[in-house]
């Protein structure tokens, strides 16, 4: 399991408004720093028009490299560390430029003023 890879991940069981079910997610933590038992992921959800105004959802178009079948969105708000036991199968990878867009959105989500310092 490596950074930039998209995997089907089982997010259940969940509590409250946490993202649910088996769905794709992209690994965003550095391979060198990653634990062999935990990875930091951003879940992927089916794109909805209402997401266009939400700064914590980054759109991605499906293609043969990422393995997605629909226009989708990386849901930055649901970023979390998960056990690698939740990972089921690799479906694709994202380009470095997409990963950078995800990381920038995560920085803006954590602290809207912080990205100005980078």
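In the working numbering, the protein residues as written are 44 to 161.
A virtual CB, placed ideally from N, CA and C, is assigned to each residue, including glycine.
Please read all numbers here as calculations on a predicted model, not as lab measurements.
Straight-line measurement puts the Cα of residue 83 at about 27 Å from the Cα of residue 92. Our two residues, residue 124 and residue 156, have alpha carbons roughly 24 Å apart in a direct line. Of the candidates 44, 147 and 46, the residue whose Cα lies closest to the Cα of residue 98 is 147. Distance from the Cα of residue 116 is smallest, within the candidate group 110, 140 and 104, for 104.
In this structure residue 145 is in contact with residue 69, their Cβ atoms being roughly 7 Å apart against a cut-off of 8 Å. Just measuring C-alpha positions, the residue of 88, 152, 94 and 135 sitting nearest residue 48 is 135. Here residue 123 carries a strand assignment [DSSP, helix/strand/coil]. Here residue 86 is buried, its C-beta having at least 16 other C-beta atoms within 10 Å.
Per DSSP, reduced to three states, the secondary structure at residue 78 is coil, with no helix or strand assignment.
Of 106, 80, 46 and 120, the smallest CA-CA separation from residue 154 is found for 120.
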